[in-house]
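Novice: Residue numbers are given in my numbering: position 29 of the sequence shown equals residue 31, and the series is strictly consecutive.
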Amino acid sequence: MSTSRSFWSWLLNLPPPPPETRLSEDGAVALAAGSAQVAALGRALPVASVRRGPDGRLAWRVSNAGVGAQWWVEVDDATGAVGPVHHVPTR
Numbered sequence: 003m004s005t006s007r008s009f010w011s012w013l014l015n016l017p018p019p020p021p022e023t024r025l026s027e028d029g030a031v032a033l034a035a036g037s038a039q040v041a042a043l044g045r046a047l048p049v050a051s052v053r054r055g056p057d058g059r060l061a062w063r064v065s066n067a068g069v070g071a072q073w074w075v076e077v078d079d080a081t082g083a084v085g086p087v088h089h090v091p092t093r
């Protein structure tokens, strides 16, 4: 799968395709759910999106889907390592 945009996607202003990843979305969610930190959180984190960091590495941000306070962890695509739980409270 090419990560460059075609002429038609550029013309129609479509976003570029997502990068190729080692993990699937379901795999990243499962790794996050299996971490002790997320289990201690006591809430599901069912949504995952892939991001490329400033160092070029791919990471999955696995988060809750609710409105209001947001919880998320990052799962490294190359290693499967789950980072710490992050929280942004509502104002």
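By construction, the Cβ of each residue, glycine as well, lies at the ideal position given by its N, Cα and C atoms.
Could you work out which residue in R53, G70, A38 and A32 is closest to P20 when comparing CA atoms only?
Specialist: Numbered from 1 along the sequence shown, position 18 holds the residue referred to as residue 20. With distances taken between Cα atoms, P20 lies closest to R53.
Novice: For S65, name the three-state secondary structure that DSSP assigns.
Specialist: Counted from its first residue, the sequence shown places residue 65 at position 63. Residue state, collapsed to three classes: strand.
Novice: Tell me which residue opens and which closes the alpha helix (DSSP H) that S11 is part of.
Specialist: Within the sequence shown, residue 11 is the residue found at index 9, counting from 1. It spans F9 to L13 - the alpha helix (DSSP H) in which S11 sits, taken as one unbroken run.
Novice: Rounded to the nearest angstrom, what separates H89 and L43 at their Cα positions?
Specialist: Along the sequence shown, read from residue 1 onward, the residue named residue 89 stands at position 87. Along the sequence shown, read from residue 1 onward, the residue named residue 43 stands at position 41. Answer to the nearest angstrom: the Cα atoms are 11 angstroms apart.
Novice: Counting along the chain, where does the alpha helix (DSSP H) carrying D79 start and finish?
Specialist: Mapped onto the sequence shown, residue 79 falls at position 77. That residue, D79, is in no alpha helix (DSSP H); it is neither H nor E in DSSP.
Novice: When you compare only the Cα positions, how much space is there between Q39 and A67?
Specialist: The residue you call residue 39 lines up with position 37 of the sequence shown. The residue you call residue 67 lines up with position 65 of the sequence shown. Spanning the two alpha carbons is a distance of roughly 18 angstroms.
Novice: Under DSSP, the beta strand (DSSP E) around V90 begins and ends at which residues?
Specialist: Start at 1 with the first residue of the sequence shown, and residue 90 comes out as number 88. Unbroken beta strand (DSSP E) run through V90: H88 to V90.
Novice: Please name the residue, chosen from V87, R93, P18 and P91, that lies closest to L1 on a Cα-to-Cα basis.
Specialist: Residue 1 lies beyond the residue range present for the chain, which begins at 3 and ends at 93; the question has no answer from this structure.
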